[in-house]
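In what follows, a single structure is set out as structure tokens and then discussed.
2 protein chains.
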Amino acid sequence: MDVTLPDAVVDGTGGRIVLLVLDGLGGLPDAETGLTELEAAATPNLDRLARTAALGLHQPVEPGIAPGSGPGHLALFGYDPIRYNIGRGVLSALGVGFDLRHGDVAVRLNFATLDGEGKVRDRRAGRPPDEENRRLVEKLRQGVQPRGGVEIFFEPEKEHRAVLVLRGEDLVPHVTDTDPQETGLEPLRVQARSTEARHAAEVLQSVLDGARKVLSDEPKANALLARGIDAYHHYPSFEERFELRALAIARYPMYRGVARLVGMDTCAIADSDAGSVAALAEHYAEYDFHFVHFKAMDSRGEDGDYAGKVKAIEAVDALIPEVEKLEPDVIVVTGDHSTPARLRSHSWHPVPILIASPWARPAADAAFGERACMRGELGVFPAKHIMTLALAHAGRLAKFGA
Amino acid sequence: MDVTLPDAVVDGTGGRIVLLVLDGLGGLPDAETGLTELEAAATPNLDRLARTAALGLHQPVEPGIAPGSGPGHLALFGYDPIRYNIGRGVLSALGVGFDLRHGDVAVRLNFATLDGEGKVRDRRAGRPPDEENRRLVEKLRQGVQPRGGVEIFFEPEKEHRAVLVLRGEDLVPHVTDTDPQETGLEPLRVQARSTEARHAAEVLQSVLDGARKVLSDEPKANALLARGIDAYHHYPSFEERFELRALAIARYPMYRGVARLVGMDTCAIADSDAGSVAALAEHYAEYDFHFVHFKAMDSRGEDGDYAGKVKAIEAVDALIPEVEKLEPDVIVVTGDHSTPARLRSHSWHPVPILIASPWARPAADAAFGERACMRGELGVFPAKHIMTLALAHAGRLAKFGA
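Chains P and S, in that order, are what the protein sequence lines are. Just remember that my numbering sits 76 ahead of the position in the first sequence, which is counted from 1. Just remember that my numbering sits 76 ahead of the position in the second sequence, which is counted from 1.
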């Protein structure tokens, strides 16, 4: 018998779950104090929750593997991040609200500046403002002709970023990026990585060539660089797998995209993290599951700003009582990966997690931090089990087997 | 997308890694003191390293499974020890430097003494000296005729051990050993374990019969016993998988063999463990990855010599400062399996591991021992992830996914 857990034991009733994702939460000890960002932060509310919670550390992908935001969130949502690995183009297209269909190929675009010799001078075309981005996208829509029986769609994202979607028969997305990742080099040609992908490679290259003609009179944004090329396939949804009506409250397109990939609804974008928590309160009764995303920890970590990351964590801590007022049956607090300020990048280090519910085995002296979580009941475990644990704590799983 | 981690995210640049394998390191508590061999040993250098390291316990194969040296080392090297399980004959052939080709069948041989009735009197033929071993092998080379279109090669190993390689078409190595493992019994006949293996079984049996004729006038080594029969297949190498130029510094053929199986270079055999560390210093700049093997812990454990195993660990501890002088980016210290003196054999117990790098989350009161490692950040984890962790700590992995 083929059994997929926890789907097989979901019973469709039970409590409400709130998942708070502090992006890039995990850190590394400061050389002087020996404390990580989370350990150093004053988090009275999270520490109080920790004393009623199951604690542990989760491994987003595998030991030693630093995940991108896509795999990090898919794992949190209970989707094996290796099996369900997906290109960033698809997440971007979903993030801007494009209605992807099965088989569509989505591509992340950068507007870029090429010099007179056709070499990349600026990979971001001087970061054009969003309205300039929309004007450039409209120009591409008017000027670039579809090729080889394939429909093409351009969508604006933010600043220098846009999305291209190719829709047609037999588009196999095993093709290479064109972004050389450095200035002073020409954009790369699209290469098929398998025989079946030749058609997609030719179509994409001809669209990029067409775009270059259309943009040739632009002073800055005179070319496109393409990356994160992948096809969209239907994912089994949160509703199908877990019988959860789920809402994503996220302020960045990327995280809205990955939530939509698994069938979550999204709501209007709040203008602050406090606004996100207000949206949670507003929509609380309509959904069984709420995912709320907080970005600042990751940004400060990538800046190498230890103190800034500490403050970002403290700012989320201050919002916790507003969440508690809603009396969720289960509150999960964790990150999608670690972003230690000392490393200035996503890292492989396991991520602290607390699952607050009446069904934990807490320690009286618990706190929310890397070392305290090491001693927790959950140990170090793969992130793909987090949803199963949350469903169990919410009383949403039946017994497995007779 | 087909993803094999960590291979898919290796980026080919980064720091140097030194892997120190203390064979059979893990142990069990002494009945009186309650301390394992490693906990009882005075290891000031390893304890100091532990306070800057990620600690944990690795499971070489699966919980409850005691590994042989082959699987134990393959797991340490990042190769799934079940998928990449291999017969000892292949490791012995590689260990003596034989240039195995894809499809060659390798067999471990013991020179043995049969009595007048053809029963085994001594499974090791009185442990002949190495020069006697070489004379016997030369006699076999001259006297034993190839059969059935199959080329045969005899190679000396040490004392009573030699290697036989069969090279020909359609040699399927699913055949039984001939070593009865006890004295007073006749050598077993080679049996095919599948229809396809009948040819290999007949060839091997006829070679062993031929050898018995050739050796019939020998007073002690008058027969061969065959075991560890397996075919050689190309393994994806360390260079291919991890983009690491790797050197194995090991004094015993078995460990040199398993290192060669994954494409490591080997250097001249040192005459002491201090000599191995001197070889590490000599070749340090030429390689990205160094594997240094220390044998004595395992030997004393198999002897049931608790105190001897403690001393063997202390002797390696004394060499640690010489390794640190090289300033490797990552130092990994562990064993390939446990060999508790009380059990006198390889065991299934998870093995202490430390990964010293600037990117650990160490505990101020850490030490290197089974119980201290249980509280470490790595938890209990499968050994096949050790290489991924080492690569991550050395800055040699890119982010997985967008």
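C-beta: ideal position from N, C-alpha, C; glycine also.
Check                                                                                                               : Outcome
Proximal residues, the segment 450-469 of chain P versus chain S, C-beta separation under 9 Å                       : M450, R451, G455, V456 and F457
Residue interval of the beta strand (DSSP E) (run including P:A432)                                                 : V427 to A432
Contact set between S:A440 and chain P, taken where Cβ atoms lie within less than 9 Å                               : G110
Cβ pair count under 8 Å reaching 3, the segment 439-447 of chain P against the segment 114-125 of chain P           : yes
Cβ-Cβ distance between P:D87 and P:A474 below 9 Å                                                                   : yes
Cβ neighbour criterion (16 or more within 10 Å) applied to P:F476                                                   : exposed
Under 7 Å by beta carbon: chain P residues contacting S:R159                                                        : Under the 7 Å cutoff, chain P gives no residues; its nearest Cβ is about 16 Å from S:R159.
Distance between P:M463 and P:V97 (C-alpha atoms, nearest Å)                                                        : 13 Å
is_contact[S:A478, chain P] using C-beta, thresh 9 Å                                                                : yes
P:P428, buried or exposed, once every other Cβ within 10 Å from all chains shown has been counted against 16        : buried
Between the CA atoms of P:R288 and P:V266 - distance to the nearest angstrom                                        : 14 Å
Classification of P:T119 by the beta-carbon crowding that lies within 10 angstroms, buried from 16 upward           : buried
Selection from S:P416, S:E319, S:H422 and S:N121 that minimises the alpha carbon distance to S:D83                  : S:E319
Coil, strand or helix - P:D198 by DSSP                                                                              : strand
Nonlocal neighbours in the same chain, by C-beta distance under 7 Å from P:V251, ignoring five residues either side : V266, Q267, A268, R269, A273, A276, A277, L280 and I305
Contact check, S:L261 vs S:V183, beta carbons under 9 Å                                                             : no
Any C-beta of chain P under 9 Å from that of S:R317                                                                 : no
Chain S contact residues for P:P143, given Cβ-Cβ distances below 9 Å                                                : K475, F476 and G477
Any C-beta of chain P under 9 Å from that of S:V85                                                                  : yes
Chain-ordered chain S contacts of P:G140 [CB-CB under 9 Å]                                                          : L81, P82, H461, I462, M463, T464, L465, A466, L467, A468, H469 and L473
Any chain P beta carbon closer than 9 Å to S:A436                                                                   : yes
Among P:Q218, P:E235 and P:R197, nearest to P:R203 - alpha-carbon criterion                                         : P:E235
Cβ contact check for the segment 300-315 of chain S and the segment 349-360 of chain S: 3 or more pairs under 8 Å   : no
Unbroken alpha helix (DSSP H) run spanning P:G165, endpoints                                                        : R164 to G171
Per-residue contacts from P:L167 into chain S (C-beta, under 9 Å)                                                   : A478
Three-pair Cβ contact test at 8 Å for the segment 403-413 of chain S versus the segment 398-407 of chain P          : no
Own chain, CB closer than 7 Å to S:L170, minus 5 neighbours either side, in chain order                             : L176, G333, R336 and L337
Cβ-Cβ distance between P:G100 and P:E453 below 9 Å                                                                  : no
9 Å Cβ cutoff met for S:P249 and S:A307                                                                             : yes
S:R223 to S:T254 span [Cα, whole Å]                                                                                 : 19 Å
Beta-bridge partners of P:P458, as assigned by DSSP                                                                 : P:Q135
Inter-residue Cα distance where the pair is S:R303 and S:R164                                                       : 8 Å
Helix, strand or coil at S:E207 according to DSSP, with G and I counted as helix                                    : helix
Three-state secondary structure (DSSP) of P:G333                                                                    : helix
Counted within 10 angstroms of its Cβ, other Cβ atoms place S:Q221 as buried (16 or more) or exposed                : exposed
Within 9 Å, strictly: CB atoms of P:E362 and P:L323                                                                 : yes
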